[in-house]
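Structure, as structure tokens:
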Amino acid sequence: MELREVIGRRRSIRFLLPHRPVEPEKIQRMLEAARRASHWGNVQSLQAVVMFRDSAPDDVREAVTAPIAGFQIRLAPVVIVWYIDTAMVDEQSERLRELCRAGALGYGEGKQEAVENQLIPIFTNMLEGLKQPGVGEVDCGQGIAQATLMAYEQGLGTCCLGTPFTEKIRDKLGLPDSCRVLLLQTVGYPAESAEAGGQRPRQPFERLFHMNGYGKPFPQSAEVVEELKRDGMIQEEAPLPWRDAELDYLKEALGLKGHGLV
Numbered sequence: 000m001e002l003r004e005v006i007g008r009r010r011s012i013r014f015l016l017p018h019r020p021v022e023p024e025k026i027q028r029m030l031e032a033a034r035r036a037s038h039w040g041n042v043q044s045l046q047a048v049v050m051f052r053d054s055a056p057d058d059v060r061e062a063v064t065a066p067i068a069g070f071q072i073r074l075a076p077v078v079i080v081w082y083i084d085t086a087m088v089d090e091q092s093e094r095l096r097e098l099c100r101a102g103a104l105g106y107g108e109g110k111q112e113a114v115e116n117q118l119i120p121i122f123t124n125m126l127e128g129l130k131q132p133g134v135g136e137v138d139c140g141q142g143i144a145q146a147t148l149m150a151y152e153q154g155l156g157t158c159c160l161g162t163p164f165t166e167k168i169r170d171k172l173g174l175p176d177s178c179r180v181l182l183l184q185t186v187g188y189p190a191e192s193a194e195a196g197g198q199r200p201r202q203p204f205e206r207l208f209h210m211n212g213y214g215k216p217f218p219q220s221a222e223v224v225e226e227l228k229r230d231g232m233i234q235e236e237a238p239l240p241w242r243d244a245e246l247d248y249l250k251e252a253l254g255l256k257g258h259g260l261v
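Okay, so the sequence shown: first residue is 0 according to numbering that gives the first Met the number 0, each after it adds one.
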């Protein structure tokens, strides 16, 4: 599958086949993709606990929940709890040295001394600030995005869910105090169509992106938009004419009657 196909079809798949297990090797490929994502200072703060519904302890499965659309977690064969471990920042000096030895940082004969005498002291002075929410979460998001693309490459569907119960989840999973739960990602084989209802509504391009200063909209080319549509990277606008019928079918097939928000 080409990248343009993955991006064009990548939608949050909320309806997964509960009876079809996900092969562990497919989850490993997702984790491998996340592990290789870019991360400032190469500290790799993004980590995860993978819960397989058929083997995870009942109390752990019950703790991993979300108040909105929680049925997704109940039905998903796999739930990945992504979290950031801020303690990884404490190892940043050695990570910078590794980058230097790998030829990814600095140049010339004095590069090692420059890392030791200039770069490491700067990062050390910023250490506590770098543990606060900010750039670390941005880089974790890159890793989760790569894992998501890998999932779709393998025919899986995923959906990222937020939850207010992060401390409860952290405690139940036994995560250290240095960890912050970021989100829950359900993973499984899709029960709904790849279109998932079509292209979701989006804010106007000119409201989101600016050129050379705020309030100066980045010019949007209609030709580029049409090109992306031709390449299948922009779907037909939602809702597709048969979406309501599909949702009715899914509610019946997955036993979701009574769940108004699906």
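A virtual CB, placed ideally from N, CA and C, is assigned to each residue, including glycine.
Please read all numbers here as calculations on a predicted model, not as lab measurements.
When the Cα atoms are used, what is the spatial distance from residue i to residue j?
{"i": "I168", "j": "V180", "result": "8 Å"}
{"i": "D243", "j": "T185", "result": "23 Å"}
{"i": "P56", "j": "M50", "result": "9 Å"}
{"i": "E251", "j": "V77", "result": "22 Å"}
{"i": "C99", "j": "V114", "result": "8 Å"}
{"i": "L246", "j": "L183", "result": "23 Å"}
{"i": "A190", "j": "P23", "result": "20 Å"}
{"i": "K25", "j": "P163", "result": "29 Å"}
{"i": "L155", "j": "W241", "result": "22 Å"}
{"i": "T165", "j": "G197", "result": "31 Å"}
{"i": "Y248", "j": "G254", "result": "10 Å"}
{"i": "V42", "j": "Q91", "result": "6 Å"}
{"i": "G105", "j": "I121", "result": "15 Å"}
{"i": "A193", "j": "L148", "result": "14 Å"}
{"i": "E61", "j": "A68", "result": "15 Å"}
{"i": "E97", "j": "R35", "result": "15 Å"}
{"i": "S54", "j": "D170", "result": "19 Å"}
{"i": "V48", "j": "R28", "result": "15 Å"}
{"i": "G109", "j": "A101", "result": "15 Å"}
{"i": "Q141", "j": "L239", "result": "30 Å"}
{"i": "S11", "j": "E93", "result": "38 Å"}
{"i": "A221", "j": "A195", "result": "25 Å"}
{"i": "L129", "j": "Q202", "result": "31 Å"}
{"i": "E127", "j": "S177", "result": "12 Å"}
{"i": "P20", "j": "E225", "result": "39 Å"}
{"i": "V63", "j": "Q111", "result": "45 Å"}
{"i": "M232", "j": "R13", "result": "20 Å"}
{"i": "Y213", "j": "G133", "result": "21 Å"}
{"i": "A103", "j": "Q219", "result": "36 Å"}
{"i": "G107", "j": "L30", "result": "35 Å"}
{"i": "R52", "j": "I119", "result": "43 Å"}
{"i": "T123", "j": "I143", "result": "27 Å"}
With a 10 Å radius around its C-beta and 16 neighbouring C-beta atoms as the bar for buried, classify residue i as buried or exposed.
{"i": "H38", "result": "buried"}
{"i": "L174", "result": "buried"}
{"i": "D230", "result": "exposed"}
{"i": "L2", "result": "Its pLDDT being 47, under 50, L2 is placed unreliably by the model, and the measurement read from it follows with that caveat. Exposed."}
{"i": "R215", "result": "Per the sequence shown, the amino acid found at residue 215 is Lys instead of Arg. Looking at its Cβ environment, which holds fewer than 16 other Cβ atoms inside 10 Å, K215 is exposed."}
{"i": "G40", "result": "buried"}
{"i": "H18", "result": "exposed"}
{"i": "L207", "result": "exposed"}
{"i": "L160", "result": "buried"}
{"i": "S95", "result": "According to the sequence shown, residue 95 is Leu rather than Ser. By the 10 Å Cβ count, L95 comes out buried."}
{"i": "Q117", "result": "exposed"}
{"i": "K256", "result": "exposed"}
{"i": "D58", "result": "exposed"}
{"i": "M87", "result": "buried"}
{"i": "A65", "result": "buried"}
{"i": "G135", "result": "buried"}
{"i": "D138", "result": "buried"}
{"i": "V223", "result": "exposed"}
Please check the pair residue i and residue j, which I expect to be a contact at CB under 8 Å, by giving their CB distance rounded to whole angstroms.
{"i": "A32", "j": "Q153", "result": "With 8 Å as the limit, A32 and Q153 do not qualify as a contact, their Cβ atoms being about 10 Å apart."}
{"i": "Y188", "j": "L15", "result": "6 Å"}
{"i": "D84", "j": "S44", "result": "6 Å"}
{"i": "V80", "j": "L172", "result": "6 Å"}
{"i": "Q71", "j": "C158", "result": "6 Å"}
{"i": "M210", "j": "F217", "result": "5 Å"}
{"i": "R199", "j": "A150", "result": "That belief does not hold up - the Cβ atoms of R199 and A150 are roughly 19 Å apart, past 8 Å."}
{"i": "Q46", "j": "Y82", "result": "6 Å"}
Let's see if you can read the secondary structure: which residues bound the alpha helix (DSSP H) around residue i?
{"i": "I121", "result": "I119 to N124"}
{"i": "T165", "result": "T165 to L172"}
{"i": "R229", "result": "A221 to R229"}
{"i": "V59", "result": "D57 to A62"}
{"i": "Q111", "result": "K110 to A113"}
{"i": "S92", "result": "Q91 to R100"}
{"i": "L246", "result": "R242 to A252"}
Could you spell out where the beta strand (DSSP E) holding residue i opens and where it closes?
{"i": "Y82", "result": "V77 to D84"}
{"i": "A190", "result": "No beta strand (DSSP E) holds A190; DSSP gives it neither H nor E."}
{"i": "L45", "result": "L45 to F51"}
Residue ranges of each beta strand (DSSP E) within the segment 135 to 165, 3 or longer: 156 to 160
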